[in-house]
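For the sequence shown, position 14 (counting from the first letter as 1) is numbered 19 according to my numbering, and the numbering increases by one without interruption. All C-beta atoms, glycine included, are put in the ideal place defined by N, C-alpha and C. Note that the coordinates shown come from a computational prediction; the quantities given were computed from them, not determined experimentally. Here's the structure, in structure tokens; my notes come after.
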Amino acid sequence: PLAKWRLRTVLHQAAAAGNATVVWMLLDKGADPTTRCHKNQTPYQASRNKTIRTAFRRYAAQHPEQWAYAEANIEPLTDDMVAEQKRKEQEKRAAQRRKKKERERAKKQRQREEEAGRRAAEEAAKAKAEQKAAKKAAKLAKLRAKRGGQIWTCDNSDACNKELPKSFFDRNNMRFCSMTCLKQKLGI
């Protein structure tokens, strides 16, 4: 056990550098993947990325009797395991696509509902405006009937000339529909 405690080996350095080809070549040449460095790491543990760890695991699967891979925390990666990982990854992607489609459908449904709500609000506002206009027309018809069929208009003919409502402003025998028209005519 004492001989296995060394500074970093070439295999440690190749694993840390991220060179899978060199790692594989060193393993083929007999480099020991169970050797621990001064940091108590095996080359597998010193590797920087998944590609290097996969190279160690694939080598362990192809050469199961060469080293005690369990000491180096290397779990062999067989072709069946790779196929299973790919299958799971495909299922995961398919599930992500389904979720994305479902989110898009839900978003479109919300947009349709919002649009329908907007249209309903616009129609309600339009109906309310029509109802208000009809009420106003009925009031004016009633007012005309009360005034003997005459139409009284605002005397501020420069700006307004509207038909006078039921209550209006009378000043110097002149009739105005609002204080604004009265002020305009009198120059106030």
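Item, Value
"Does the distance from the C-beta atom of residue 49 to that of residue 20 stay below 8 angstroms?", "yes"
"In terms of alpha-carbon separation, which member of 22, 79 and 131 lies closest to residue 59?", "79"
"Assuming contact is defined by CB atoms lying nearer than 8 angstroms, are residue 72 and residue 33 in contact in what I supplied?", "no"
"If you drop the 5 nearest sequence neighbours on each side, which residues of the same chain put their C-beta closer than 7 angstroms to that of residue 76?", "39"
"Does DSSP classify residue 37 as helix, strand or coil?", "coil"
"For residue 29 and residue 41, I'd like the C-alpha separation in whole angstroms.", "18 angstroms"
"Which two residues bound the contiguous beta strand (DSSP E) that contains residue 62?", "That residue, residue 62, is in no beta strand (DSSP E); its alpha helix (DSSP H) goes 55 to 67."
"I'd like to confirm the pairing. Which residues does DSSP put opposite residue 174 in its beta bridges?", "181"
"Measure the alpha-carbon distance for residue 104 versus residue 119 and round it to whole angstroms.", "22 angstroms"
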